[in-house]
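Residue numbers (our numbering), protein chains in the order written: chain A, 1 to 293; chain B, 294 to 574. Remarks on the structure that follows.
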Amino acid sequence: MEKRVTFKGIWLPILLVAPQVAVTGVFFFFPAGQAIWQSLFIPDPFGLSMQWVGLGNFEYLLGNSFYRASFLTTAIFSVSVTVVSMAIALYLAVLADRLIKGSGTYRTLLIWPYAVAPAVAGVLWLFMFNTRIGVVTWYLGQLGYDWNHVLNEAEAMGLVVLASSWGRISYNFLFFLAGLQAIPRSVIEAAAIDGARFWTRFRTIVWPLLSPVTFFLLVVNIVYAFFETFGVIHTITGGGPQQATTILVYKVYADGFVGQDLGSSAAQSVILLVVVGILTVIQFKYIERKVHY
Amino acid sequence: MAGMVEKRGLSHWLTHAGLILGVLVIFFPIWLAFVASTVSQQDIVRPPMPLLPGDQFFENYRRALVAGVNAPVAWMLFNSMVMAMGIAIGKIVISLLSAFAIVYFRFPGRMLFFWLIFLTLMLPVEVRIVPTYEVIAGFGMLNSYTGLILPLIASATATFLFRQFFLTIPDELAEAARVDGAGPMRFFVDILVPMSRTNIAALFVILFIYGWNQYLWPLLITTDPSMNTIVMGIKQMFPSGDDLADWPVIMATSILAMLPPVVVVIAMQKLFIRGLVDSEK
């Protein structure tokens, strides 16, 4: 779509886009180029010179069991966060949608955890499950369960999944509720008159009609779990125990910043770039359809 | 309309019960943090801690705000405020100008620019951590507000949003402005910006929360505790090693860290929902 009426001038519009061009050039494209460039080198131990290794960093990474494990960890983590947060949100949205009055009140009560930063959510969950003083840990102990996410890898993963899903429920709830309320009442009432019970109505009418929202949320939540949960991991587990919660983004940080392994970190950045690229294309392909319909 | 689908009676109450249970479970972590911020350290380190508020509210919050652990939390709140406002306003201004240029002008490189902006969607900070840090360090912007704000104010989403909105504005308005002899900037300031104010407000709510909740970027570039933002500063309050954390102060800080964005969401719920839906299009 284009405007028919436009203003004349060449320098003014260039001046107008200049700030955005400058910021993206200096802080986005130059560093991304640097990452690609650095991924082809290994710095010597003193950081004085760089040795060209071609795709050596990538070969090393893909052959490295820790890195491959990190891929698997990321997959398990992202799918768990997506499924947990969407399932709870859908359950609550379906309940809220059944109400004639009052769904607005529940919406107000349920949306605000969205505003709590992932890092703060991490601290709250760490507090509840702290191995020494956590309330939940204590009550679990009373029930005979010895919670220790500092040592137990599965418990560590469970905790970061819960903490990451928690704030996300708000977001998913909002979109599910809007999607449910957009389904015409008459369709559901017609099915009810035909004798379809709640569960049948949900399976045959509501769920299919909700599928665009569900698909949209799937993509958005995966992107969230990949890139925006760094704060949760950093506050709760620091990637441990034994790298059990080291997702890809955390590994770029840990190797590049803490471990100072620049070549490997840069190569990891490049691999992540490809991952984001794919996710963005999927997102846009879908969203284009949504905008046009 | 109460049709066949909604029945009063048992199922109605079960619906409410299910929702209330959900709300309680979601509230619990925050309730616990609040309780912890009102009791003494002794109450916390001898589990189980109480589940109802104690009498140390003023003491804990005063200690956090005035002294903190590494830096007074009041300072960190101020830093977060500067960063969040800077990012929100910066993104909006930059995006309004860019969208105005690409919708209302034909200039060489216009499509190239459009694609450049689109590509930034594929380059989140998390992906270019080390090189971006090096750029900021090279400019001497570590531990500065400029360093906290500037790299985050490019915005593809906001630019596309304003572009979309400008395209819906009737051509007659620009035509009339031209006939009246008003220049493009005059048209922009007097007509376009005022017409966009609802979009601006909705976007502001989302971007304020985005800026306030930043974690990785401030973690990288603020090594000086007095430049820490509150969201990243909490983790720095935990002692390394086996020492016991000062939980009442840490929990008071957590509550303070979530307060501004939560208040914004609740007070501006309509704008928030609109912004959320808009920015995902």
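C-beta atoms are modelled at their ideal positions from N, C-alpha and C, and glycine is treated no differently.
Measure the C-alpha to C-alpha separation of V555(B) and Q562(B) and round it to an integer number of angstroms.
Within the second sequence, residue 555(B) is the residue found at index 262, counting from 1. Within the second sequence, residue 562(B) is the residue found at index 269, counting from 1. Taking the straight line joining both Cα atoms gives about 10 angstroms.
In chain A, what lies closer than 7 angstroms to A377(B) by C-beta?
As a first step, residue 377(B) is located in the second sequence; it is residue number 84 there, counting from the start. Within chain A, no residue comes near A377(B); the closest Cβ sits about 11 angstroms away, beyond 7 angstroms.
So what's F407(B) in DSSP terms, helix, strand or just coil?
Position 114 of the second sequence, counted from the start, is the residue given in the question as residue 407(B). In this structure, F407(B) counts as helix in the three-state DSSP scheme.
Less than 8 angstroms between the C-beta atoms of V112(A) and S170(A), yes or no?
For the purposes of this step, residue 112(A) is taken as residue 112 along the first sequence, with counting starting at 1. For the purposes of this step, residue 170(A) is taken as residue 170 along the first sequence, with counting starting at 1. Strictly speaking, residue 112(A) in this sequence is Trp, with Val absent from that position. Yes, the Cβ-Cβ distance between W112(A) and S170(A) is below 8 angstroms.
Closer than 7 angstroms, Cβ to any Cβ of chain B: which residues of the stretch 227 to 248 of chain A, in chain order?
Cβ contacts with chain B: F227, F230, G231, H234, T235.
DSSP three-state call for P463(B): helix, strand or coil?
In the second sequence, the residue the question calls residue 463(B) occupies position 170. Three-state DSSP puts P463(B) in coil, outside helix and strand.
Please report the distance separating the alpha-carbon of K290(A) from that of E468(B).
On the first sequence, residue 290(A) is found 290 positions in, with the first residue counted as 1. On the second sequence, residue 468(B) is found 175 positions in, with the first residue counted as 1. Unreliable positioning characterises K290(A) in this predicted model, as indicated by a pLDDT of 47, which lies under 50. The coordinate reading is nonetheless provided below. Distance between the alpha carbons of K290(A) and E468(B) is about 32 angstroms.
Identify every residue that forms a DSSP beta bridge with M50(A).
Start at 1 with the first residue of the first sequence, and residue 50(A) comes out as number 50. M50(A) pairs with P43(A).
Tell me which residues of the stretch 104 to 115 of chain A have at least one Cβ-Cβ distance to chain B shorter than 7 angstroms, keeping chain order.
So the close ones are Y106, T108, L109, L110, I111, W112, P113, Y114, A115.
Skipping 5 residues on each side, what residues in its chain have a beta carbon closer than 7 angstroms to that of V570(B)?
As a first step, residue 570(B) must be located in the second sequence, where it is residue number 277. Result list for V570(B): empty, nothing under 7 angstroms.
Closest by CA to L485(B), which one among S391(B), T413(B), S533(B)?
Position 192 of the second sequence, counted from the start, is the residue given in the question as residue 485(B). When each option's Cα is compared against that of L485(B), the closest is S391(B).
Ignoring anything shorter than 4 residues or poking outside the stretch 202 to 284 of chain A, list the alpha helix (DSSP H) runs there in chain order.
With a minimum length of 4 residues, the continuous alpha helix (DSSP H) runs that stay inside the stretch 202 to 284 of chain A are 207 to 227, 230 to 236, 248 to 253.
If the cut is a Cβ gap below 9 angstroms, which residues of chain B does Q34(A) touch?
Against the first sequence, residue 34(A) aligns to sequence position 34. Neighbours of Q34(A) on chain B, chain order: R421, V423, P424, T425, E427, V428.
Compute the Euclidean distance between the alpha carbons of W147(A) and L209(A), then round it to the nearest angstrom.
Translated into positions along the first sequence, residue 147(A) becomes position 147. Translated into positions along the first sequence, residue 209(A) becomes position 209. Rounded to whole angstroms, W147(A) to L209(A) spans 42 angstroms at the Cα level.
Between V249(A) and E419(B), is the Cβ-Cβ spacing less than 8 angstroms?
Residue mapping note: residue 249(A) aligns to position 249 of the first sequence, counting from 1. Residue mapping note: residue 419(B) aligns to position 126 of the second sequence, counting from 1. Yes, these two residues count as a Cβ contact at 8 angstroms.
Which residue wins for smallest C-alpha separation from G383(B), given the options L500(B), G568(B), V524(B)?
By one-based count along the second sequence, residue 383(B) stands at place 90. For G383(B), the nearest C-alpha among the options comes from L500(B).
Measure the CB-CB distance between D464(B) and R4(A) and report whether it falls below 8 angstroms.
Taking the second sequence and counting its residues from 1, the one referred to as residue 464(B) is at position 171. Taking the first sequence and counting its residues from 1, the one referred to as residue 4(A) is at position 4. Yes; because the gap between Cβ atoms is below 8 angstroms, this pair is in contact.
Classify M478(B): buried if its beta carbon has 16 or more other beta carbons within 10 angstroms, exposed otherwise.
For this step, residue 478(B) is matched to residue 185 along the second sequence. With fewer than 16 other Cβ atoms within 10 Å, it is exposed.
Are the beta-carbon atoms of V252(A) and S265(A) separated by less than 8 angstroms?
The residue labelled residue 252(A) in the question sits at position 252 within the first sequence. The residue labelled residue 265(A) in the question sits at position 265 within the first sequence. Result yes, Cβ atoms of V252(A) and S265(A) sit closer than 8 angstroms.
If we ignore side chains and look at the alpha-carbon of each, how far apart do P346(B) and P541(B) end up?
Taking the second sequence and counting its residues from 1, one reaches residue 346(B) at position 53. Taking the second sequence and counting its residues from 1, one reaches residue 541(B) at position 248. Looking at the two C-alpha atoms, the distance is approximately 12 angstroms.
When you compare the CB of K528(B) with every CB in chain A, is at least one pair closer than 8 angstroms?
Indexing the second sequence from 1 puts residue 528(B) at position 235. Yes, contact with chain A.
Contact check, F230(A) vs Y508(B) under 8 angstroms by CB: the rounded distance?
Position 230 of the first sequence holds residue 230(A). Position 215 of the second sequence holds residue 508(B). 6 angstroms between Cβ atoms; contact.
If you drop the 5 nearest sequence neighbours on each side, which residues of the same chain put their C-beta closer than 7 angstroms to that of A191(A)?
As a position in the first sequence, residue 191(A) is number 191, starting the count at 1. Answer for A191(A): R201, I205, listed in chain order.
Compile a chain-ordered list of the residues in the stretch 3 to 18 of chain A whose CB is closer than 9 angstroms to at least one CB of chain B.
Listed by position, the residues of the stretch 3 to 18 of chain A near chain B (Cβ gap below 9 angstroms) are K3, R4, V5, T6, F7, K8, G9, I10, W11, L12, P13, I14, L15, L16, V17, A18.
Residues of chain B with a CB under 9 angstroms from the CB of A75(A): which are they?
Position 75 of the first sequence holds residue 75(A). Going along chain B, no residue has its Cβ under 9 angstroms from A75(A), so there is no contact; the nearest lies around 17 angstroms.
When you compare the CB of A117(A) with every CB in chain B, is at least one pair closer than 8 angstroms?
Here residue 117(A) corresponds to residue number 117 of the first sequence, with the count starting at 1. Interface residue, yes.
Identify, in the order they occur along the chain, each residue of the same chain with its Cβ nearer than 8 angstroms to the Cβ of A475(B), setting aside the five sequence neighbours on each side.
Walking along the second sequence from the start, residue 475(B) turns up at place 182. D483.
Check this for me: beta carbons of E153(A) and Q242(A), under 8 angstroms apart or not?
Mapped onto the first sequence, residue 153(A) falls at position 153. Mapped onto the first sequence, residue 242(A) falls at position 242. For E153(A) and Q242(A), yes; Cβs fall inside 8 angstroms.
Under 9 angstroms Cβ-Cβ, which residues of chain A neighbour L414(B)?
By 1-based counting over the second sequence, the position of residue 414(B) is 121. V276, T280, Q283, F284, listed in chain order.
With A357(B) as the anchor, note down where its alpha helix (DSSP H) starts and where it stops.
Against the second sequence, residue 357(B) aligns to sequence position 64. A357(B) -> alpha helix (DSSP H) spans 350 to 359.
Alpha carbons only, please: which of S489(B), G402(B), L454(B), A377(B) is nearest the one belonging to L441(B)?
Residue numbering aside, residue 441(B) sits at position 148 when the second sequence is read from its first letter. Minimum Cα distance to L441(B) is reached at A377(B).
By alpha-carbon positions, which one of M530(B), V428(B), L549(B), Y397(B) ends up nearest to A367(B)?
For this step, residue 367(B) is matched to residue 74 along the second sequence. Among M530(B), V428(B), L549(B), Y397(B), the Cα nearest to that of A367(B) belongs to L549(B).
Quick one, which of W207(A), V270(A), L12(A) has its alpha-carbon nearest F400(B)'s?
The count along the second sequence starts at 1 and reaches residue 400(B) at position 107. Considering only alpha carbons, the answer is L12(A).
If you count every other CB in all the chains shown that lies within 10 Å of the CB of D536(B), and 16 or more means buried, which is it?
For the purposes of this step, residue 536(B) is taken as the residue at position 243 of the second sequence. So D536(B) ends up on the exposed side.
Would the stretch 13 to 26 of chain A and the stretch 404 to 418 of chain B be scored as touching if the rule is three or more Cβ pairs under 8 angstroms?
Short answer: they touch.
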